[in-house]
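Residue 352 in numbering that gives the first Met the number 0 sits at position 353 of the sequence shown; the count goes up by one each step and never skips. A virtual CB, placed ideally from N, CA and C, is assigned to each residue, including glycine.
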Amino acid sequence: MQSRALVTMARKKGGGGGRQRARQRAQYDELDKYPVMPPHAFARIVRDKQTLNIIYQIIEPPLTKKEQEQRDEIMDIFIRSLTANIEEIDSNPEAYVRTAMDKVIKSYSMKINKKSKSKLFYYLRRDLIGYGKMDVLMNDVNVEDVSLDGTNVPIFAYHRKFESVETTCVWETDEELESYVIKLAQRCGKHISVAEPLLDATLMDGSRIVMKLGHEISTRGSAFCIRRFKDDPFSPADIVAFRTMSSLMVAYLWIAFQNEVPMLFVGGTASGKTTTLNAMCIFIPWQMKIVSIESTREVNIPQPNWVPGLTRQGFGGENDEGVIGEFELLKAALRERPEYIIVGEIRGAEAYVLFQAMATGHCAYSTVHADSVPSLVHRLENKPIDIPRVLLPALEACSIQIQTRINGRRVRRTKQVVEIVGIDPNSMEVITNEVFRWDVTNDDFVFSGKSYVLEKIMVKINYSQEEMRRELRTRKRILEWMVLNDIRKADQVSQIVTEYYVRPNEIMARVDGLK
């Protein structure tokens with residue numbers, strides 16, 4: 000591919016020069032350019048004039064031949080003389096690398112000017128504690144997913160503005176790529192090898208990664224796919240702002256989550272199920288005990304009384320002694336008296352325990368792959384999940400989400416919010432009530448006006464119909480006020496939700512502009 004000539008190879012290249020930049024200007028139209036890690040690393044988005052492909056160019060500081068030699072020498076000395084314990088490095092890895100570099104430069108009386116020293120530290124930090132040549136991609140807040148398909152194939156990234164783009168990051172040999180994949184696995188605290196060439200893990204920053212090693216299960220060579228973890232998770236206000244749901248739908252879920260209504264978030268791959276579940280968990284009252292169970296860490300909520308559980312591989316692989324799966328974690332969680340249980344995704348035997356927990360009064364939330372209520376019921380009733388139909392009404396509602404395109408843009412929309420009302424005793428069919436639906440023609444959301452869940456909550460908290468309608472409108476107004484005033488960070492929204500539970504009149508005074 001034409002873009003391979005632009006690959007950033009910090010160890011091999013010194014600089015491009017004016018002629019190279021002139022050639023690039025002639026070949027590409029620049030669409031965007033912005034700093035990622037200033038003053039050294041930038042992202043440049045261009046369109047190839049010949050192929051019309053959009054390319055993400057990684058721009059890093061060029062090293063002179065002397066600087067390359069100094070960088071390699073410092074790296075070699077640093078690795079050979081490493082004496083620090085892991086705790087010392089983990090406490091502040093960047094400060095540790097900087098201090099170690101300064102010590103090496105001083106001990107070996109290296110003559111390095113301030114500008115060169117800054118560039119050398121950038122590369123040492125990148126290669127020792129960062130992500131190597133794809134470090135810029137992993138630090139770019141606009142990059143959502145990173146996917147590598149094999150040796151000598153450029154990484155593709157999903158960019159928030161430009162969607163799927165080819166990048167200038169390539170591993171040119173099998174040995175180099177396999178070494179990198181093994182290093183990534185070690186960074187996750189996991190093991191990948193020819194005997195066990197497939198790994199699903201979590202990176203240091205919380206991003207989810209699936210890795211394949213070698214050619215046996217990936218014919219183009221080692222491969223990986225990273226779904227970026229957002230440090231600042233999406234909030235309910237974001238869900239409204241992105242039009243994934245309407246403010247009325249989120250207000251409905253706010254009341255449901257506060258009042259412990261069990262629910263599933265349903266959709267296809269990358270439809271935003273976990274993101275929406277994560278955002279709605281902000282509505283769980285602050286003091287409630289929450290236990291989450293996942294095979295790969297994705298749930299990220301602000302509540303302090305939260306026990307995040309993770310599955311564990313066996314000591315010699317998944318089939319050996321010491322395996323702790325979601326089934327075992329869920330059984331243990333039920334002994335901890337949680338008010339809320341969150342399971343990252345239900346796939347198998349753990350679903351039966353989850354539905355039993357719902358049936359005995361526990362509030363549980365999870366995600367599942369399906370695209371409609373009938374397909375959800377089919378998945379739940381058949382192997383490997385195998386839930387008896389009589390247990391399905393323990394699930395009180397489900398939100399069905401899709402990924403689609405509107406005016407050429409990829410968007411996520413909640414297609415339906417459906418309540419599970421019960422089982423028809425004659426036909427044994429599942430009785431449902433569609434509370435909200437997405438009108439694809441107008442890109443709008445329609446409320447049916449009828450909710451059995453809200454009626455049940457009215458009885459629980461002793462509300463009249465008028466009081467419940469007023470509460471729904473009030474929470475809708477709060478959500479719209481937060482979006483209008485750009486109060487969208489998860490911690491900000493969480494604070495307002497908590498204050499509303501304790502001092503609703505004060506929050507409404509702020510919404511009304513009286514305070």
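Assigned exposure category for A194 - 16 Cβ within 10 Å defines buried: exposed
Under the three-state DSSP convention, the category M0 falls into: Summary for M0: the model assigns pLDDT 41, below 50, so the residue's position carries little reliability; its value from the coordinates is reported in the next sentence. Residue state, collapsed to three classes: coil.
Euclidean distance between Cα positions of W305 and A363: 14 Å
Short Cβ contact (8 Å threshold) for V437 with F444: With the sequence shown as reference, residue 437 is identified as Trp, and Val is not the correct amino acid for it. Against a cut-off of 8 Å, the Cβ pair of F444 and W437 comes out as a contact.
Per DSSP, the bridge partner or partners of G266: H368 and Q400
Boundaries of the alpha helix (DSSP H) in which F326 is found, first to last residue: E325 to L333
Residue range of the unbroken beta strand (DSSP E) whose run includes P38: P38 -> no beta strand (DSSP E), and no H or E assigned at all.
contact_flag[the stretch 200-217, the stretch 250-265] where n(CB pairs < 8 Å) is 3 or more: no
Nearest-angstrom Cβ-Cβ length linking F354 and I386, presumed shorter than 8 Å: 5 Å
Among I283, V180 and D71, the one whose alpha carbon lies nearest that of V209: V180
Among S291, R346 and Q286, the one whose alpha carbon lies nearest that of Q302: Q286
Strand pairing of I340, partner residues [DSSP]: V290 and A363
The stretch 146-159 / the stretch 94-113 touching (three or more Cβ pairs under 8 Å): no
DSSP-derived helix/strand/coil call for V298: coil
Rounded separation between D139 and G421 - CA only: 47 Å
Where G313 falls, given that 16 or more other Cβ within 10 Å makes a residue buried: exposed
Neighbourhood of K288 by C-beta distance below 6 Å, restricted to the same chain and skipping five residues each side: N304, P337 and E338
Under the three-state DSSP convention, the category K113 falls into: helix
Limits of the unbroken alpha helix (DSSP H) element including I73: K64 to R79
Any alpha helix (DSSP H) of 4 or more consecutive residues that is wholly inside the stretch 447-504: 451-460, 464-483 and 489-501
The ligand MN heavy atom lying under 7 Å from the CB of D173: Absent from the structure shown: the ligand MN. Ligands present: none.
As assigned by DSSP and simplified to three states, the class of E418: strand
Residues that DSSP places opposite K211 in a beta bridge: L197 and A222
Neighbourhood of S270 by C-beta, 7 Å cutoff - its chain only, sequence neighbours within 5 removed: Q400, I401, Q402 and R411
Other residues of its chain near M137: CB distance less than 6 Å, five sequence neighbours each side excluded: Y130
N299 burial status per 10 Å Cβ neighbour count (16 or more: buried): buried
Nearest-angstrom Cα separation, counted from K455 out to M467: 11 Å
Sheet register partners of V145 (DSSP bridge): A156 and I225
C-beta atoms of H39 and Y121 nearer than 8 Å: yes
Classification of A350 by the beta-carbon crowding that lies within 10 angstroms, buried from 16 upward: buried
T166 to L176 span [Cα, whole Å]: 16 Å
Where V510 falls: helix, strand or coil (DSSP): helix
8 Å contact criterion, which V35 and A42 should meet: CB distance rounded: 5 Å
C-alpha distance - I76 paired with T366, whole-angstrom precision: 49 Å
Buried or exposed by the 16-neighbour rule on C-beta atoms within 10 Å, applied to I477: buried
Those residues which DSSP pairs with N441 across a bridge: BP columns for N441 are empty, so no partner.
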